[in-house]
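> Just dropping this structure here.
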Amino acid sequence: MILKWIFDRIVSFVGLLFLWPVLIVVAILVKVKMPGGPVFFVQERVGKGGKLFKCHKFRSMVVDHSGSSVSVAGDSRITPVGAKMRHHKVDELPELWDVLVGNMSFVGPRPDVPGYADKLEGEDRDVLKLRPGITGPATLKYRLEDEMIAEYVAQRQKEGDPRDPQDIAVEYNDTVIFPDKVRLNCYYYRHYSFIKDIQMILCTVFGKKMKYGGETI
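Okay, structure coming up:
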């Protein structure tokens with residue numbers, strides 16, 4: 001994957017070089033619309049080989065919040081500006097820095113918080129052999145993950161599920177979405193293609209779908 005490594009370094013550097021005005025504008029917007037807190041959301045995530053690293057994103061939630069790492073569209077923790085940033089993936093632009101310094105790649109599995117990686121067993125641990133990515137097959141398939149979880153929660157509540165919406169969301173993530181992401185990311189590891197990497201990046205940028213591993217993502 002030498003070509004992938006070289007591509008990540010060059011393109012992330014060029015991206016930061018040309019997108020710095022956008023980064024500044026978004027940073028100002030966060031500071032003005034969401035005062036009282038930091039511009040960046042920095043959190044420990046699990047990287048290649050299970051090594052922890054600091055992942056950088058623009059803050060999209062209120063400062064004083066608690067709860068699950070699983071978020072749902074309409075989550076009260078997410079600010080209006082934050083919701084728009086998350087929908088258009090603008091909050092992830094600072095991850096270009098994480099790619100430049102080698103903690104992440106443009107394409108790979110999304111970096112999970114500690115705890116989820118511990119659930120990986122057997123061949124599923126192949127996911128940890130990859131650098132986490134800004135985008136990837138699982139990211140493309142679940143690009144509207146917040147909205148998908150919100151729809152599931154609403155359906156369960158309509159059916160009379162008395163549990164807290166956050167508990168329903170976590171259950172859906174842990175039993176349906178997370179296992180499917182692991183499956184897709186393991187397939188990516190075992191069938192790596194630089195051409196597919198480029199295709200995934202373009203599909204992410206332009207909001208398109210693509211054929212991958214016998215399905216549309």
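Under our numbering, think of the first position of the sequence shown as 1, with each following residue one higher.
Glycine included, C-beta positions come from ideal geometry on N, C-alpha and C.
1. Using the beta-carbon count (16 or more within 10 Å), is arginine 125 buried or exposed?
2. Can the beta-carbon of alanine 138 be found less than 7 Å from the beta-carbon of asparagine 103?
3. With a threshold of 8 Å, are at least 3 pairs of Cβ atoms found where one atom belongs to the region 110-122 and the other to the region 76-92?
4. Hey, could you find the ends of the beta strand (DSSP E) serine 105 is sitting in?
5. Leaving out five residues before and five after phenylalanine 41 in sequence, what residues of the same chain have Cβ atoms less than 6 Å from its Cβ?
6. Is the region 130-145 close to the region 206-215, with three or more CB pairs under 8 Å?
7. Should threonine 175 be labelled buried (16 or more other beta-carbon atoms within 10 Å of its own) or exposed?
8. Can you tell which of Val11, Phe194, Gly50 and Tyr152 has the C-alpha that lies nearest to the C-alpha of valine 101?
9. Examine the ligand NAD and report whether any of its heavy atoms sits within less than 6 Å of the Cβ of serine 105.
10. Have a look at Glu171, Met85, Pro109 and Tyr187 and flag the residue whose alpha-carbon is nearest the alpha-carbon of glycine 214.
11. Tell me the residue span of the beta strand (DSSP E) that contains arginine 45.
12. Do proline 162 and proline 132 have their C-beta atoms closer together than 7 Å?
13. Which residue wins for smallest C-alpha separation from isoleucine 6, given the options Phe194, Gln166 and Val32?
14. May I ask you to list the residues that DSSP assigns as paired with tyrosine 212?
15. Check methionine 200 in the structure and name its three-state DSSP category.
16. Determine the burial state of serine 105: buried for a count of at least 16 other Cβ atoms within 10 Å of its Cβ, exposed for fewer.
17. Output needed for leucine 130: all residues of its chain with C-beta closer than 8 Å, excluding positions within five of it in sequence on either side, in chain order.
18. Would you mind giving the Cβ-Cβ distance between valine 63 and glycine 82, rounded to the nearest angstrom? I have them listed as a contact below 8 Å.
On the basis of the supplied data:
1. Here residue 125 refers to the residue found at position 125 of the sequence shown. In summary, arginine 125 is exposed, with fewer than 16 beta-carbon neighbours lying within 10 Å of its beta-carbon over all protein chains present.
2. To locate residue 138, count along the sequence shown from 1; it is residue 138. To locate residue 103, count along the sequence shown from 1; it is residue 103. No, these two residues do not count as a Cβ contact at 7 Å.
3. No, they do not touch.
4. Stepping through the sequence shown from its first residue, residue 105 is reached at position 105. Serine 105 -> beta strand (DSSP E) spans 105-107.
5. Residue 41 sits at position 41 when you count from the first residue of the sequence shown. Contacts found: Lys57 and Arg59.
6. Yes: at least three Cβ pairs fall under 8 Å.
7. In the sequence shown, residue 175 corresponds to position 175, counting from 1. Here threonine 175 is exposed: its Cβ has fewer than 16 other Cβ atoms, across all protein chains shown, within 10 Å.
8. To locate residue 101, count along the sequence shown from 1; it is residue 101. If we check each option's Cα against that of valine 101, Val11 comes out closest.
9. As far as ligands go, the structure on display features none, and thus does not contain the ligand NAD.
10. Taking the first residue of the sequence shown as 1, we reach residue 214 at position 214. Glycine 214 has its Cα closest to that of Tyr187, out of Glu171, Met85, Pro109 and Tyr187.
11. Position 45 of the sequence shown holds residue 45. The continuous beta strand (DSSP E) containing arginine 45 extends over residues 40-46.
12. The count along the sequence shown starts at 1 and reaches residue 162 at position 162. The count along the sequence shown starts at 1 and reaches residue 132 at position 132. No Cβ-Cβ contact shorter than 7 Å links proline 162 with proline 132.
13. Working through the sequence shown from its first residue, we reach residue 6 at position 6. Answer by Cα proximity: Phe194.
14. For the purposes of this step, residue 212 is identified with residue 212 of the sequence shown, where counting begins at 1. According to DSSP, which records beta bridges pairwise, tyrosine 212 is partnered with Glu215.
15. Taking the sequence shown and counting its residues from 1, the one referred to as residue 200 is at position 200. Correct three-state label for methionine 200: helix.
16. Here residue 105 is taken as the residue at index 105 of the sequence shown, counted from 1. Burial call: buried.
17. Translated into positions along the sequence shown, residue 130 becomes position 130. The residues are Lys48, Ser105, Gly108, Pro109, Asn185, Tyr188 and Tyr189.
18. Working through the sequence shown from its first residue, we reach residue 63 at position 63. Working through the sequence shown from its first residue, we reach residue 82 at position 82. That belief does not hold up - the Cβ atoms of valine 63 and glycine 82 are roughly 11 Å apart, past 8 Å.
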